[in-house]
């Protein structure tokens, strides 16, 4: 179930988030404009193309959101099923400790989406030209002319980020359950 959530959330068919612009001209709203979408692969590629710190962010997202969840879950299952002659208790304990400590890094993709949601929430108005503003100002008692257009841009989470975050949380719960089970039952 957990690996299935990651596979579905990271597939190119499921969008993690999208950038949407809501525009109204002269007070009349236009249909929302979906500027672009985020998938795991697109996030890695976009950050990589920015260069500089983008290389680091791209690498962190690729490793901790794209590869680590599968490796962690596969090795956790191996720790559960491997007999002591194949995986000694001491090594099993060390591996599970690393999984528990590093598991939270899988949330880096979700964190990036949440940061983008906060950073890209923008609202702005396009004022009328100066001559039109003076003519309109005389017509309005308040003295402020309505904007020619209003634009609101935001990053909106979609099903992909929800599935991925659910998969990470489920993975963290699984690891949190396996570690004490290993210590108690001496798997």
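Residue numbers (the working numbering): 3 to 189. Each residue gets a CB set at the ideal place from its N, CA and C atoms; glycine is no exception.
Opening and closing residue of the beta strand (DSSP E) in which residue i lies
i           : result
residue 122 : Per DSSP, residue 122 belongs to no beta strand (DSSP E) and is neither H nor E.
Buried versus exposed call for residue i [16 or more other C-beta atoms within 10 Å across all chains shown]
i           : result
residue 170 : buried
residue 63  : buried
residue 36  : exposed
residue 14  : exposed
residue 7   : buried
residue 55  : exposed
Sequence-distant residues of the same chain with beta carbon closer than 7 Å to residue i, five excluded per side
i           : result
residue 10  : 16, 165
residue 57  : 50
residue 168 : 7
residue 158 : 19, 20, 22
residue 123 : 156
Limits of the unbroken alpha helix (DSSP H) element including residue i
i           : result
residue 61  : 55–63
residue 108 : Careful: residue 108 lies outside any alpha helix (DSSP H) and carries neither H nor E.
residue 4   : 4–11
residue 72  : 70–83
Contacts around residue i, its chain only, beta-carbon distance under 6 Å, and the 5 residues preceding and following it disregarded
i           : result
residue 5   : 75
residue 45  : 63
residue 143 : With a pLDDT of only 47 at residue 143, under the threshold of 50, the placement of this residue in the model should not be trusted, and no figure is reported.
Close-in-space but distant-in-sequence residues of the same chain around residue i (CB under 8 Å, 5 per side omitted)
i           : result
residue 178 : 102
residue 77  : 97, 101
residue 27  : 150, 151
residue 172 : 3, 4, 7
Beta bridge counterpart(s) of residue i as assigned by DSSP
i           : result
residue 22  : 36, 156
residue 103 : Residue 103 pairs with nothing; no bridge assigned.
residue 179 : Paired residues: none, contrary to the question.
residue 31  : 26
Per the contact definition of three or more C-beta pairs closer than 8 Å, is the region 114–128 in contact with the region 93–102?
no
Segment contact, 8 Å Cβ cut-off, at least three pairs: the region 153–170 with the region 17–35
yes
Is it a yes or a no for the region 53–67 touching the region 31–41, going by three-plus beta-carbon pairs under 8 Å?
Touching, no.
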